[in-house]
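The next block holds one structure in the form of structure tokens; read it before the comments.
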């Protein structure tokens, strides 16, 4: 399935759930509302035309106004890939866990919770992951967080 | 003996000394010699590379990315450059693509040799370690003559590669790959029939296909579990679609299959390098990219087939 076919398939079958985002280069990028995330993920995984059975990666992003969670999904049988983005508010960001759909999401969600401070609902083990146990200095990957010895590189 | 009391106990398994590499802590729950449960603690070497890169230009990121994984640093350079190139639509010169493939495959061989040597050493056979590092040294020589580095290359840059290969590279590389292809047969003769090796690898650490996919396992481990999936063929990047090579797949998903698969992959990589050395032509090695280069706005996620997945 080429990217164009995939795009038209998703636009016909997931009309109200996924909206195409032009920012995605090379692979397709779709946006989804946080409330629909788990439903959409289950549907994508079980759709016989798509079979997104493979969870490649989950990345977080801080645009200073919003938080973004980007799910990179792949299908081993169909050899296709898409990205799904969830936009979250900067105050009290909360997202549902997708580990019931792909167990691989477990660690990525812990990492996102720890480094971005995005709370994960229904996660079975939301404990310290990469930072040390006594960490009490906020969420390091947020844009407003600087390390104590940080020196900004001058604009070129 | 029937009233002998037994209970499970916990062991901390390292290494997590700050000067060691690849540190992590595994909290093992043991029932005699059987591991019942593992809780991994992996944060010991987290160096916040993403955060460091926020404050740097794209060119300045590449030497840091070498340190992601210094056994196959070329792939780390490459995957980042590829992302920047895809965002900006930079055309990479033909010769640079060939050089990249040669370096990536040589680095894959080097990494698999490290796997072969150290796995055998940890299982109790010291000889393979000496053999594997001897062959790996030939590859390190090739890298050293090209970019001056043996581990952290900083070779593949956005738009091409940093330096052209010296004249003696191609003849020396041909000798190296033919030697390694032969030596792999020797490795197989050395271990495959060894009863201790077989006892400690066959049926050990089994990972079936469904579990491997569910947990997002990739690379050689996925293929050793019976899934025929290789990005070099299934989502081709660079110029991999021009080469003729097989993708070895094994079905038991145990340590023995992963070992056999990697040895086979070394031979396949040798084939790719041989074809690339035949196909390479003179030409520029780098597209014009400013040192302060910033890619066009957009988002992308790139994935390549690394030797470790």
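Residue numbers (the numbering used here), protein chains in the order written: chain A, 426 to 581; chain B, 354 to 662.
Think of the CB as a built atom: it goes at the ideal place given N, C-alpha and C, for glycine as much as any other residue.
Where residue 496/A sits in the DSSP three-state scheme:
What you label residue 496/A is simply residue 71 of the first chain in a count that begins at 1. In this structure, residue 496/A counts as strand in the three-state DSSP scheme.
Tell me where the beta strand (DSSP E) around residue 387/B begins and ends.
Residue numbering aside, residue 387/B sits at position 34 when the second chain is read from its first letter. That run of the beta strand (DSSP E) goes 387-394.
Counting only Cβ pairs nearer than 9 Å, list the residues of chain B close to residue 504/A.
Locating residue 504/A in the first chain gives position 79, where the first residue counts as 1. Ordered by position in chain B, the residues that pass the 9 Å Cβ test against residue 504/A are 582, 587, 588.
Please classify residue 450/B as buried or exposed, where buried requires at least 16 neighbouring CB atoms within 10 angstroms.
Residue numbering aside, residue 450/B sits at position 97 when the second chain is read from its first letter. Looking at its Cβ environment, which holds 16 or more other Cβ atoms inside 10 Å, residue 450/B is buried.
Where residue 479/B meets chain A, residues with beta-carbon distance less than 8 Å:
Position 126 of the second chain, counting from 1, holds the residue named residue 479/B. Residues of chain A passing the Cβ test: none, with the nearest at roughly 35 Å.
Count the C-beta pairs between the region 641-659 of chain B and the region 446-456 of chain A that are closer than 8 Å, then say yes if the count reaches three, no if not.
yes
Chain B partners of residue 501/A, CB-CB under 8 Å?
For the purposes of this step, residue 501/A is identified with residue 76 of the first chain, where counting begins at 1. The answer, in chain order, is 566, 580, 582.
Below 7 Å CB to CB, which residues in the same chain sit around residue 383/B once its five sequence neighbours on both sides are set aside?
Sequence index remark: in the second chain, residue 383/B carries index 30 (1-based). Closer than 7 Å at the Cβ level, and outside the excluded window around residue 383/B, lie 361, 362, 364, 389.
Can you give me the C-alpha to C-alpha distance between residue 430/A and residue 549/B, rounded to a whole angstrom?
In the first chain, residue 430/A corresponds to position 5, counting from 1. In the second chain, residue 549/B corresponds to position 196, counting from 1. Each residue's alpha carbon lies about 53 Å from the other.
Considering Cα atoms alone, identify which of 424/B, 356/B, 636/B, 626/B is closest to residue 529/B.
Against the second chain, residue 529/B aligns to sequence position 176. Checked all of 424/B, 356/B, 636/B, 626/B; the closest Cα to residue 529/B is 626/B.
Just tell me which of 481/B, 453/B, 578/B, 480/B has its CA closest to the CA of residue 507/B.
By 1-based counting over the second chain, the position of residue 507/B is 154. Residue 453/B is the option with its Cα nearest to residue 507/B.
I want to see whether chain A comes within less than 8 Å of residue 365/B, judged by CB atoms only; does it?
Your numbering for residue 365/B matches position 12 in the second chain. So, not an interface residue.
Residues in the region 519-547 of chain A with C-beta within 7 Å of chain B's C-beta atoms, listed in sequence order?
527, 528, 529
Closest by CA to residue 393/B, which one among 546/A, 553/A, 544/A?
For this step, residue 393/B is matched to residue 40 along the second chain. The residue with the shortest Cα to Cα distance from residue 393/B is 553/A.
Any C-beta of chain B sitting closer than 8 Å to the C-beta of residue 563/A?
Here residue 563/A corresponds to residue number 138 of the first chain, with the count starting at 1. Not one chain B Cβ lies under 8 Å of residue 563/A.
Take residue 474/B as the anchor and find which of 614/B, 553/B, 657/B has the nearest alpha-carbon.
For this step, residue 474/B is matched to residue 121 along the second chain. That would be 553/B, whose Cα lies nearest to the Cα of residue 474/B.
To the nearest angstrom, how far is the alpha carbon of residue 538/A from that of residue 398/B?
Stepping through the first chain from its first residue, residue 538/A is reached at position 113. Stepping through the second chain from its first residue, residue 398/B is reached at position 45. If I take the Cα positions, the gap works out to 19 Å.
What does the alpha-carbon distance come out to for the pair residue 570/A and residue 561/A?
Position 145 of the first chain, counted from the first residue, corresponds to residue 570/A. Position 136 of the first chain, counted from the first residue, corresponds to residue 561/A. Residue 570/A and residue 561/A: Cα-Cα distance of roughly 13 Å.
Give me the residue from 448/B, 611/B, 476/B with the minimum Cα distance to residue 664/B.
For residue 664/B there is no data in the structure shown, the boundaries of chain B being 354 and 662.
Sort 540/B, 594/B, 585/B by Cα distance to residue 601/B and report the nearest one.
In the second chain, the residue the question calls residue 601/B occupies position 248. With distances taken between Cα atoms, residue 601/B lies closest to 585/B.
Buried/exposed call for residue 485/A, threshold 16 Cβ in 10 Å:
By one-based count along the first chain, residue 485/A stands at place 60. That one is buried.
Among 395/B, 540/B, 485/B, nearest to residue 376/B - alpha-carbon criterion
Here residue 376/B is taken as the residue at index 23 of the second chain, counted from 1. Per the Cα distances, 395/B.
Identify which residue in 497/A, 472/A, 529/A, 544/A has its Cα closest to the Cα of residue 564/A.
The sequence position of residue 564/A within the first chain is 139, counting from 1. It is 544/A.
Proximal chain B residues relative to residue 578/A, where beta-carbon distance stays under 9 Å
The residue you call residue 578/A lines up with position 153 of the first chain. 408, 409, 410, 413, listed in chain order.
According to DSSP, which residues form a beta bridge with residue 514/A?
Mapped onto the first chain, residue 514/A falls at position 89. Bridge partners of residue 514/A: 491/A.
Cβ-Cβ distance between residue 380/B and residue 427/B below 8 Å
Position 27 of the second chain, counted from the start, is the residue given in the question as residue 380/B. Position 74 of the second chain, counted from the start, is the residue given in the question as residue 427/B. Cβ atoms of residue 380/B and residue 427/B: not closer than 8 Å.
Coil, strand or helix - residue 363/B by DSSP:
Along the second chain, one-based indexing puts residue 363/B at 10. Residue state, collapsed to three classes: strand.
So residue 636/B contacts chain A; which residues on that side make the cut at Cβ distance below 8 Å?
Within the second chain, numbered from 1, the residue matching residue 636/B stands at position 283. Those within 8 Å of residue 636/B in chain A number zero; the least Cβ separation is about 25 Å.
Contacts of residue 426/A in chain B (Cβ-Cβ under 8 Å)
The count along the first chain starts at 1 and reaches residue 426/A at position 1. Ordered by position in chain B, no residue passes the 8 Å Cβ test against residue 426/A, which lies about 12 Å from the chain.
Give the single residue among 474/A, 532/A, 519/A whose Cα lies nearest to the Cα of residue 435/A.
Position 10 of the first chain holds residue 435/A. Ranking the options by Cα distance to residue 435/A, first place goes to 474/A.
Looking only at its own chain, which residues have a Cβ that is under 6 Å from the Cβ of residue 567/A, when we skip the five neighbours before and after it?
Here residue 567/A is taken as the residue at index 142 of the first chain, counted from 1. Cβ neighbours of residue 567/A beyond the five flanking positions: 487.
Going by DSSP, what residue range makes up the beta strand (DSSP E) through residue 544/A?
Taking the first chain and counting its residues from 1, one reaches residue 544/A at position 119. Unbroken beta strand (DSSP E) run through residue 544/A: 544-546.
Who are the neighbours of residue 401/B on chain A, taking C-beta pairs under 7 Å?
Residue numbering aside, residue 401/B sits at position 48 when the second chain is read from its first letter. 565, listed in chain order.
Buried versus exposed call for residue 437/B [16 or more other C-beta atoms within 10 Å across all chains shown]
As a working note, residue 437/B is residue 84 in the second chain. So residue 437/B counts as buried.
Does the separation of the CB atoms of residue 573/B and residue 632/B fall below 8 Å?
Reading the second chain from its first residue, position 220 is the one you call residue 573/B. Reading the second chain from its first residue, position 279 is the one you call residue 632/B. No, the Cβ-Cβ distance between residue 573/B and residue 632/B is not below 8 Å.
Let's see if you can read the secondary structure: which residues bound the beta strand (DSSP E) around residue 446/A?
Walking along the first chain from the start, residue 446/A turns up at place 21. It spans 444-446 - the beta strand (DSSP E) in which residue 446/A sits, taken as one unbroken run.
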